[in-house]
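Remarks on the structure that follows.
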Amino acid sequence: MPTEWTVRAITRAMLPVLLVLTLVEIFSGLVLGAFEDSLLRYPSLLVLVPVTIGTAGNLGSILASRLSTAFHLGTLSFDPSDDELLGIALATVALAATVFPAVGVGA
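Going by UniProt numbering, the first residue of the sequence shown is number 1, and it counts up by one from there.
As structure tokens, then:
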């Protein structure tokens, strides 16, 4: 990590993240568009859209808080081979894999 932040360093650090998030956003819109006919046929399914968005936001907040706490305590480095980073990411994915189907079945 650079010790002195410049506009160039911030851009180089954040541009890949923003590009990946842009692709995720496009994919989400395409998936929602593919289910448009089903949503119009069964309007009760529209209740799930805000719930799913809220749950995803909550999971993102949990991941961000855990990562920032570990980083500030000095127990985490943003190295792809870091076991703690991998564990936190996998735990978040596992939580999402169990919560989203439960919300779908519950509706």
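Every residue gets a Cβ at the ideal spot worked out from N, C-alpha and C, and that includes glycine. Computed from a predicted structure; not experimentally measured.
Helix or strand or just coil, what does DSSP make of residue 74? Secondary structure of residue 74 (DSSP, three-state): coil.
Backbone CA spacing between residue 99 and residue 60 [nearest angstrom]: One alpha carbon belongs to residue 99, the other to residue 60, and they sit about 13 Å apart.
Euclidean distance between Cα positions of residue 82 and residue 75: Roughly 10 Å between the two C-alpha positions.
As assigned by DSSP and simplified to three states, the class of residue 37: Residue 37 falls in the helix class under three-state DSSP.
Pull up the distance between the alpha-carbon of residue 105 and that of residue 16, whole angstroms please. Using only the alpha carbons, I get a separation of about 35 Å.
Reduced DSSP category for residue 6 - H, G, I as helix; E, B as strand; rest coil: Under the three-state reduction of DSSP output, residue 6 falls in the coil class, being neither helix nor strand.
If I'm right that residue 53 touches residue 92 with Cβ under 8 Å, what's the distance once you round it to whole angstroms? Actually they do not touch by this definition, with Cβ atoms about 16 Å apart.
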